[in-house]
Structure formats: C-alpha cells, structure tokens
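Protein chains in written order, with our numbering: chain D, 1 to 225; chain H, 226 to 323.
Taking it in order: structure first as structure tokens, then the write-up.
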Amino acid sequence: MSSATSNTQAILKEQYDDLPQQREAATFGMWVFLGTEVLLFGGMFLGYTAYRWFYPEAWQHASRHTYYWFGTVNTAVLLTSSLTMALAVSAAQDRPANGSRHGLLRWLLITALLGIAFLGIKLVEYSRDIADRSVPGHGFDVHAYPPADAGPAQLFWSFYWVMTGVHAVHLTVAIGLVLSMVVLTLRNRIWSENDTPVRLTALFWHLVDVIWVFLYPMLYLVGKR
Amino acid sequence: MERKISPSTYLLVYFGLMLLLALTATAAWLPLGPGNTIIAYLVAVAKALLVLIYFMELRISSNLTRLAALGSLVWLILLFSLSLSDFLTRGHTGVPGK
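If you want it as structure tokens, here you go:
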C-alpha cells in the first residue's frame with residue numbers, strides 16, 4: 001500500500017489536486033491538439049472538394065488509375081491497428097504496478113508492426129504510381145486521359161500525393177510514439193494509474209486512422225461506376 | 226471517470242468497421258449514380274463515429290473532452306460552409322465572374 005502511495009506521488013505533478021484531474025487536463029490538451037490536426041487536413045479536404053466539384057469527370061478518370069486493392073487492404077490494415085491500439089490501452093488500464101507487462105507489450109508491438117505494414121504497402125503502391133507516370137508535371141502520362149481531363153487529372157494526383165504523403169508522415173510519427181510507449185513499458189513506467197501516455201498515443205493513432213477512413217473513398221472509390 | 230470500455234466491445238466495434246469497409250468497397254462498383262458518392266461518404270462518417278465514440282473513448286469521456294472534440298467539428302463546418310457557399314454556387318446568377 002505504501003508503495004502504491006509513493007507511486008501516485010511520483011507521477012502526480014504539483015499543479016494538480018489528484019490523478020483524475022491530471023488525466024483530464026492531459027486528455028483535454030490532446031483533443032485540442034487533434035483539433036488543429038483536423039483543420040490541417042480539413043484545408044486539403046476542402047481544396048479536394050472544390051476541385052472535384054469543378055472537374056467531376058477528370059476526378060473519375062484519375063481515381064480509376066489509383067490502385068483499389070492497395071487502398072482497400074491498407075484501410076483494413078489501419079482499422080485492425082486501431083483495434084490493437086485500443087486493446088493496448090485496455091492492457092495498460094488493467095496492469096497493476098509491477099504486474100505482468102506481456103499483454104501491453106504484445107498489443108503495442110502488433111500496432112507498430114501494422115503501421116509499418118501500412119507504410120510498406122503504400123511504398124509499393126507509390127512505386128507503381130510512379131511507374132504509371134501518375135506524378136503531376138512534365139512526366140505526367142497525359143495520354144492516359146481524354147485531352148480535356150489531362151490538366152484537371154493532375155490536380156487530382158496533386159491531392160493524392162500531398163494528402164497520402166502528409167498522412168504517411170503522421171503515421172510515421174504515430175509509429176514512433178507507439179515504439180516509445182514500448183520503451184516506457186519496458187522501463188516499468190506504464191500501469192493502471194499512469195496509463196495517460198498510452199491513452200494519448202492511442203488518441204493520435206486513432207485520429208490518423210479516421211483521416212485515412214475519409215481519404216480511402218475520396219481517392220480510391222470515385223468513378224468505379 | 227474510472228469507467229472503461231471492455232475488450233469485447235472493442236472487438237464488436239472492429240467487426241462493425243470491417244463490415245462497413247466491405248460495404249463501401251463493394252458499393253463503389255454498383256451503378257448507383259450519385260448514390261455511389263453518398264454511400265461512400267456516409268460509410269466514412271459511420272466508420273469515423275465508431276472510432277471516435279469507442280476507440281477514442283468519447284462514450285466515457287467528460288463533457289469537457291466531448292466539447293473539445295465537437296469544437297474541431299464546428300471549425301470544420303465553418304471552413305467548409307463558408308468556402309463552399311462560394312465555390313458551389315458560382316455561375317448560379319448568370320453574371321460572368323459571379
């Protein structure tokens with residue numbers, strides 16, 4: 001009992017009354033940060049929407065050149081990673097101080113591996129896109145499109161590269177955060193009372209997932225029919 | 226505050242998410258006209274809500290946290306409604322450039 005009390009004192013910062021208040025402040029701060037992320041991607045989503053409104057046919061033609069199966073499998077990979085991330089949070093919440101950390105480590109590592117798998121699949125897909133000359137600019141394969149659509153199709157591909165690229169950067173950061181949670185767990189710093197680092201990492205991970213959930217239909221599912 | 230979401234609930238939500246993915250991935254190939262876009266976005270919103278409410282724990286979060294989450298949505302709606310009220314209505318007046 002006395003060790004639990006000293007644990008609590010060790011993690012409670014002096015500006016907070018108790019652990020629930022400290023946890024609440026951290027969660028609130030994280031959601032405010034996530035709001036700035038939503039608006040960062042929101043600007044890109046808005047640009048995409050406006051240009052799709054102006055050039056609906058070009059959008060359909062261009063989206064048919066994206067790789068449906070790469071996008072679909074990657075969506076499944078990322079949704080699965082969100083499940084394992086949530087299970088990691090459960091494991092952290094249930095872990096007594098100095099209790100077994102196997103479950104927590106397992107879910108964290110599987111989550112990181114799924115994130116890396118997503119990036120690997122995306123890299124293979126990128127190399128196909130490049131081989132298809134789907135990169136806007138001088139090398140763009142204008143002959144793959146009706147003459148009127150060749151210009152606007154490059155706008156679609158600009159959104160494709162920037163949005164998936166910024167998303168991949170976010171996922172890379174998220175993988176780094178999950179791996180740092182692995183280190184904290186190995187140092188015995190994550191348990192039921194001190195699960196906030198894992199919970200905040202999970203919030204970021206899930207947001208990256210939510211953004212992809214919207215990117216998937218916007219980039220891969222337009223104009224299939 | 227100490228409430229938790231159980232792993233079995235997470236599993237159920239996950240199956241729901243995969244079902245929605247199968248639905249949207251299949252529906253994209255059906256000739257539904259404008260319905261394709263509507264289904265694609267509705268499914269995306271449904272998936273996002275599942276992740277936000279369960280995986281991101283809004284279901285058991287404090288009202289302050291929920292307000293912060295709702296705040297991003299409000300700003301997003303402002304961004305979209307003000308901008309698209311321009312882009313989506315261009316040409317409606319028949320006056321060139323308006």
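Ideal placement from N, C-alpha and C gives every residue a C-beta, glycine not left out.
Item, Value
"For D:Gln22, does the three-state DSSP call read helix, strand or coil?", "helix"
"What's the C-alpha gap between D:Arg52 and D:Pro96?", "52 angstroms"
"How is D:Met1 classed by DSSP in three states: helix, strand or coil?", "In this prediction, D:Met1 has a pLDDT of 43, which is less than 50 and means its spatial position is unreliable; nothing more can be read from the coordinates."
"In this structure, does DSSP put D:Val135 in helix, strand or coil?", "coil"
"Just to confirm, are D:Leu227 and H:Ser308 a CB contact at a threshold of 8 angstroms?", "Residue 227 of chain D is absent from the structure shown; chain D starts at 1 and stops at 225."
"Please work out which residues of its chain come closer than 7 angstroms, Cβ to Cβ, to D:Phe140, disregarding the five sequence neighbours upstream and downstream, and give them in chain order.", "Arg133 and Gln154"
"Compute the Euclidean distance between the alpha carbons of D:Thr111 and D:Val178, then round it to the nearest angstrom.", "8 angstroms"
"For H:Trp254 versus D:Arg23, is the C-beta distance shorter than 8 angstroms?", "no"
"Which of helix, strand or coil does DSSP assign to D:His102?", "helix"
"Please return the same chain residues whose Cβ sits closer than 8 angstroms to the Cβ of D:Ser192, not counting the five positions on each side in sequence.", "Ala92, Gln93, Asp94, Arg95, Pro96 and Ala97"
"D:Asn188 by DSSP, collapsed to three states: which one?", "coil"
"Could you check whether D:Tyr68 and D:Tyr220 sit closer than 8 angstroms to each other, using their CB atoms as the reference points?", "yes"
"Report yes or no: do the stretch 236-254 of chain H and the stretch 201-208 of chain D share at least 3 C-beta pairs separated by less than 8 angstroms?", "no"
"May I ask you to list, following chain order, the residues of the stretch 59-88 of chain D that have a beta carbon less than 7 angstroms from some beta carbon of chain H?", "Thr72, Thr75, Ala76, Leu79, Ser82, Leu83, Ala86 and Leu87"
"Report all residues from its chain with a CB closer than 8 angstroms to the CB of H:Ile230; omit the five preceding and five following residues, and keep chain order.", "Tyr279, Glu282, Arg284 and Ile285"
"Give the range of the alpha helix (DSSP H) segment to which D:Phe204 is assigned.", "Thr196 to Tyr220"
"If contacts are defined as beta-carbon pairs under 8 angstroms, then H:Val294 and H:Leu277 qualify, I think. What distance do you get, rounded to the angstrom?", "The sequence as given places Ala at residue 294 of chain H; Val does not occur at that position. Confirmed, Cβ separation roughly 7 angstroms."
"Relative to the C-alpha of H:Met243, which residue among H:Ile264, H:Tyr266, H:Leu275 and H:Thr262 is closest?", "H:Leu275"
"Does the pairing of the stretch 119-135 of chain D with the stretch 26-42 of chain D give three or more beta-carbon distances under 8 angstroms?", "no"
"Throw me the rounded Cβ distance for the D:Phe33 and H:Thr290 pair, which I believe falls under 8 angstroms.", "That belief does not hold up - the Cβ atoms of D:Phe33 and H:Thr290 are roughly 13 angstroms apart, past 8 angstroms."
"Show which residues of chain H have a CB atom less than 8 angstroms away from the CB atom of D:Ser90.", "Lys229, Ile230, Ser231, Pro232 and Tyr235"
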